[in-house]
Structure formats: C-alpha cells, structure tokens
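In the numbering used here, the protein residues as written are 160 to 399. Think of the CB as a built atom: it goes at the ideal place given N, C-alpha and C, for glycine as much as any other residue. Data block below; observations after.
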Amino acid sequence: YIVNKKINDILVRQSSLRWEVPIKDLKENIVGESFFKIKRRSKYLIFSNNFGNLIIHLGMSGSLKILLGMEAPNKHDHIDIKFEDKSLLRFTDPRRFGSFHWTNKSTEHPLLMNLGPEPLGNHFSGEHLFNFSRGRKVPVKNFIMNSKTIAGIGNIYASESLFEAGIKPHKAAGKISLPKYENLANSIKRILQESINLGGTSLKDFVGGEGKPGFYKPYLAVYGREGKKCKNCVTILKNI
Numbered sequence: 160y161i162v163n164k165k166i167n168d169i170l171v172r173q174s175s176l177r178w179e180v181p182i183k184d185l186k187e188n189i190v191g192e193s194f195f196k197i198k199r200r201s202k203y204l205i206f207s208n209n210f211g212n213l214i215i216h217l218g219m220s221g222s223l224k225i226l227l228g229m230e231a232p233n234k235h236d237h238i239d240i241k242f243e244d245k246s247l248l249r250f251t252d253p254r255r256f257g258s259f260h261w262t263n264k265s266t267e268h269p270l271l272m273n274l275g276p277e278p279l280g281n282h283f284s285g286e287h288l289f290n291f292s293r294g295r296k297v298p299v300k301n302f303i304m305n306s307k308t309i310a311g312i313g314n315i316y317a318s319e320s321l322f323e324a325g326i327k328p329h330k331a332a333g334k335i336s337l338p339k340y341e342n343l344a345n346s347i348k349r350i351l352q353e354s355i356n357l358g359g360t361s362l363k364d365f366v367g368g369e370g371k372p373g374f375y376k377p378y379l380a381v382y383g384r385e386g387k388k389c390k391n392c393v394t395i396l397k398n399i
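Printed below as a string of structure tokens:
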C-alpha cells in the first residue's frame with residue numbers, strides 16, 4: 160500500500176511518546192522520499208529509504224492504519240505520514256507507549272542490536288534455549304521474555320507457552336532440561352501461530368492492521384484467568 164509512494168509531509172500532533180519523536184530527523188529524511196522496503200524485526204517495524212530507516216514500535220496499544228484520504232483525527236491519533244496521492248499512514252496510540260526512531264543507512268539502531276532469533280524462524284529451537292540458558296539463575300519466564308533470548312515474546316505468550324509445556328515460570332532457566340526446552344519451543348511456535356491466525360489477543364484497545372480486534376483471548380489458558388477454573392483439570396488458577 161505505501162511502498163514506493165512519495166511522501167509529501169509528516170504531521171506530528173503529539174511528540175511525547177515512550178521517547179520523544181525525532182521530528183527534525185524525520186522531516187529531513189523521509190519528506191520527498193519513499194519507502195522501498197518494509198520489514199519486521201522482533202516488535203519493531205522498519206521502513207527503509209535511501210537515507211536510512213524509520214523504526215516504529217507499537218507499544219501496548221499502538222496501531223497503524225492506511226487512510227485513502229484525510230479524515231479528522233481523534234484524540235489518540237498522534238502522527239500522520241502523508242503521501243503524494245493524498246493517502247496517509249496514521250499512527251494511533253491511546254497509552255503512548257509506542258515510539259518512532261530514525262537511524263541513518265550505515266548505522267544499526269541500538270534497539271535492534273543483540274536481538275535473539277525470531278520465534279517462528281528457522282534459528283529458534285529448544286536447543287537454542289537450552290544452550291543459552293546454561294548457568295542462568297533468572298526465572299525462566301523472565302529468560303524467554305528477554306529479547307536477547309527470543310525476539311518478541313511478551314507476557315501473554317510467555318505465560319501461555321510455559322503452562323502448555325508444563326514448566327513453572329519461576330524455575331531457574333539454567334535448571335531446565337533439553338527435552339523441556341524442546342517442548343517449550345514447540346509450544347511457543349504453536350501458540351504464536353495460532354494467535355496470528357486469529358488476529359492476536361485483544362484485551363483492551365488492541366486492533367490489527369485492518370482496525371479489527373484479535374480473537375485469541377477465548378483460547379487463553381492462564382493469562383488473565385486468576386480465580387477461574389483450569390481448562391485442563393478444573394483447579395482454581397492462582398498467580399505465582
């Protein structure tokens with residue numbers, strides 16, 4: 160929708176997001192240019208042009224929507240990237256935990272350095288988790304939520320994957336066996352793919368690229384279900 164479209168302007172209504180929006184850098188480097196490639200790394204979207212990369216993190220409640228023409232902005236519509244054909248890319252973020260960054264073509268942004276493998280990629284496996292965890296005393300849940308271990312596993316999917324794999328979240332990462340980590344890697348892949356197929360998990364204000372909520376919430380086994388019956392054994396769930 161937006162690749163190779165010339166950008167006429169960027170309008171920033173609210174620059175105080177998780178980090179201050181670099182308005183000057185963005186105006187100097189993307190206005191009059193076009194993005195020739197868009198990709199994702201971990202939880203970051205990377206929009207590339209001839210000068211460098213616009214990096215966007217959606218935070219907990221951020222979303223990007225393509226509009227075919229100008230529409231009056233709502234309260235939480237913070238940034239518009241306007242294209243020559245009058246369409247625009249609008250960034251909306253009620254909680255303002257999202258962020259915009261600019262990095263020059265020859266520079267790797269610190270946020271993208273030292274990221275672990277993608278959980279649905281070929282380089283992620285139980286063997287990777289086992290080898291990377293040796294000697295680690297940190298709880299396994301914290302371990303897999305660290306982006307240096309795996310790129311992009313958040314609280315919801317860490318909780319769900321550990322439960323499915325039968326691993327206590329507070330157990331030391333270095334004390335878990337290779338077979339257990341192989342089960343965990345399989346659970347992570349299965350749960351993530353299923354959630355993607357259903358558009359993600361909408362708890363409050365999350366919407367996908369088409370402005371629709373995700374439909375994975377009814378399939379959650381433990382996250383947000385404290386005090387309810389376990390779906391496997393009907394025991395009442397507790398936070399640990």
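With respect to the C-alpha of Ile303, the residue from Lys165, Leu288, Phe195, Leu223 having the closest C-alpha is Leu288. Ranked by Cα distance from Ile315, the first of Asn212, Gly383, His329, Tyr160 is Gly383. Within the stretch 225-282, no complete alpha helix (DSSP H) segment of 4 residues or longer occurs. At a Cβ-Cβ threshold of 7 Å, Ser201 and Ala310 count as neighbours.
Here DSSP, grouped into helix, strand and coil, assigns Lys198 to strand. Three or more Cβ pairs closer than 8 Å define a contact, and the stretch 211-222 meets that threshold against the stretch 236-252. The stretch 284-299 makes contact with the stretch 336-344; the number of CB pairs closer than 8 Å reaches 3 or more.
Glu243 counts as exposed, since fewer than 16 other C-beta atoms from the protein chains shown sit within 10 angstroms of its C-beta. The residue among Pro232, Pro298, Arg199 with its C-alpha nearest the C-alpha of Leu217 is Arg199. In the DSSP assignment, Gly218 falls outside any alpha helix (DSSP H) and carries neither an H nor an E.
Between the C-alpha atoms of Tyr203 and Glu385 there is a straight-line separation of about 31 Å. The secondary-structure analysis by DSSP pairs Leu213 across a beta bridge with Phe206, Trp261.
Taking a contact as a CB-CB distance under 8 Å, the pair Arg177 and Gly228 does not count as one, their CB atoms being some 29 Å apart.
Here Ala380 carries a coil assignment [DSSP, helix/strand/coil].
Under the three-state reduction of DSSP output, Asn167 falls in the strand class. Here Leu223 is bridged, per DSSP, to Phe250.
Between Thr262 and Gly191, the C-beta spacing is not below 7 Å.
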